[in-house]
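Input: a single structure, listed below in structure tokens.
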Amino acid sequence: MLQSNVKGVTQGFPLGLEVTETEVTEHEFNPEFIQKMIPKLDWHALVTTAKVLEITLPEEIPDEQDEEFLRNLKVALLDVEVKEGTLICPESGRRFPIINGIPNMLLTEDEV
Amino acid sequence: MASNKRPELQAPPEIFYNDVEARKYATSSRMIEIQSQMSFRALELLNLPEGESAYLLDIGCGSGLSGDVLEERGHVWVGIDISEAMLMVSAERGVQNGDIMLGDMGQGLPFRPGTFDGAISVSALQWLCNQDKTSHNPIRRMRHFFQQLYNVLRRGTKAVFQFYPSCPQQVSLLTEAAMRCGFSGGMVIDYPNSTKAKKCYLVLFAGTPPGGFQLPKAMGTDEPQTSVKYERIKARGRARDRRNGKNVKAAPKSREW
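Protein sequences appear in the order of chains A and B. Following my numbering, the numbering of the first sequence begins with 1033 at its first residue and continues without gaps. Following my numbering, the numbering of the second sequence begins with 849 at its first residue and continues without gaps.
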């Protein structure tokens, strides 16, 4: 899911995203939870990543956070899941494959 | 565990938890029950605000049994595990409000600072004490892990680890590593007098929550019992010292005093 894409590796944020397959599952809409997530997000990183997934989010966090905005954000945060793809570290160019919806963040010994 | 041997002594986690072992976690009702019970207790020890869904980290999420418990309570979680087979079982079972990823806790946690409202871990921490590869340095891995855990937790939140320490030194190593990274807290041992029901939980506080913190009470104990035990140990220690001819300070109100 997008969450793990948005959170960066220790060095290098935000992670780039390449998608080959996505899946959409409907989640329950919990406005309080989505609202609570907003301060934790790097908005610009999220907007960029959402574009890859063909979800349009406003460039800035609107002052009036109406239900439509929150619902849209929920789709980006929870519903759309990247099944197959790659996460790319912007600094080192290191690629983390996503297989079956599971990103592989394992590092080799010399990368630790 | 099929045999009585501890799994940590048999093979590295990514090897031990292979397809066969992972399958057991999905089918054995006894395993499921124990795991769910411990996850529930860990969540209880986290003591999250009532009626709010939180964003939680599950370290060593395995086949997602602990995630089920989190979901049941309406939380959204992210799980990390080193065993691909276990994660595959988790993916097959279908996680609803969770994300899973393949990773090694000793390599740190690849999340942004202040992301999580809490962390739980069920039967995983003891693996961190192993040196499964020549390049592994358990102490460095522990420190790295706790440092990053401290970062990814929101200030004032908690992390609860249920684990099976093999010796008291392991506990002190882990707690020391955690304290060095800024955590406070300690061990909660449920049913300490039972060999079977005894369960160890390391409860860590990332920063001080408003109003200070108080370590939750363990189950199956009551205060007077522990203090009596402590007295007895102290007394025994004094008696031993006396036998060894050591110069011991007399206990207050004793005859020597």
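Just so you know, even glycine gets a beta-carbon here, dropped at the ideal spot from N, CA and C.
- For the segment 891-909 of chain B, the set of positions with a beta-carbon nearer than 9 Å to some beta-carbon of chain A reads E900, S901, A902 and Y903 in chain order.
- Between the alpha carbons of B:R960 and B:N999 lies a distance of about 8 Å.
- Taking 8 Å as the cut-off, the Cβ atoms of B:H923 and B:S901 count as close.
- When the beta-carbon positions are compared, B:L1052 and B:A1026 come within less than 8 Å of each other.
- Looking at the backbone, the Cα of B:Y1039 and that of B:K1046 are separated by about 5 Å.
- In this structure, B:L893 sits away from B:V926, with a CB-CB distance that is not shorter than 8 Å.
- Scanning chain B for C-beta atoms nearer than 8 Å to the C-beta of A:E1141 yields K981 and S983, reported in chain order.
- By the Cβ-count criterion, B:D947 is buried, with 16 or more other Cβ atoms from all chains shown falling within 10 Å of its own Cβ.
- Chain-order list of chain A residues neighbouring B:T1005: empty, with the shortest C-beta distance near 12 Å, by a criterion of under 9 Å.
- With a threshold of 8 Å between beta carbons, A:K1083 makes no contact with chain B.
- Apart from sequence neighbours up to five positions away, the residues of its chain that approach A:E1053 with a beta-carbon distance below 6 Å are K1115 and E1116, ordered along the chain.
- The Cβ of A:V1107 sits no closer than 8 Å to any Cβ of chain B.
- By the beta-carbon neighbour count (other beta carbons within 10 angstroms, threshold 16), B:T963 is buried.
- Within the model, the alpha-carbon separation for B:I968 versus B:S931 is close to 18 Å.
- No Cβ-Cβ contact shorter than 8 Å links A:L1073 with A:L1119.
- Note that the C-beta distance between B:Q955 and A:L1139 is below 8 Å.
- Sixteen is the threshold: since fewer than 16 other Cβ atoms of the shown chains lie within 10 Å of the Cβ of B:D867, the residue is exposed.
- When the beta-carbon positions are compared, B:G966 and B:L896 come within less than 8 Å of each other.
- Just measuring C-alpha positions, the residue of A:F1061, A:V1084 and A:L1047 sitting nearest A:D1111 is A:F1061.
- With a minimum length of 3 residues, the unbroken runs of beta strand (DSSP E) contained wholly in the segment 894-918 of chain B fall at 903-907.
- The secondary-structure analysis by DSSP pairs B:Q1010 across a beta bridge with B:V970 and B:Y1049.
- Secondary-structure assignment with DSSP links B:V1036 through a beta bridge to B:Y1049.
- Contacts between B:M949 and chain A, judged by CB atoms closer than 8 Å, involve S1036, I1134, P1135, N1136 and M1137 in chain order.
- Comparing alpha carbon positions, the residue from A:F1065, A:I1070 and A:L1109 closest to A:D1095 is A:I1070.
- Proximity of chain B to A:K1072 at the Cβ level (cut-off 7 Å) is accounted for by G962 and T963, in chain order.
- Between the beta-carbon of B:G1030 and that of B:L1063 there is about 17 Å, and that puts the pair past the 8 Å contact cut.
- Taken atom to atom, the span from the alpha-carbon of B:Q974 to that of B:F1011 is near 6 Å.
- Between the segment 903-921 of chain B and the segment 871-881 of chain B, the count of Cβ pairs shorter than 8 Å is three or higher; the stretches touch.
- Distance between B:Q883 and A:E1092, taken at the CA atoms: about 43 Å.
- For B:M1067, the closest C-alpha among the options B:S1042, B:T1056, B:S938 and B:Q996 is that of B:S1042.
- By DSSP's assignment, B:G927 forms a beta bridge with B:D906 and B:I948.
- Residue pairing for A:R1127: DSSP places it in a beta bridge opposite A:I1120.
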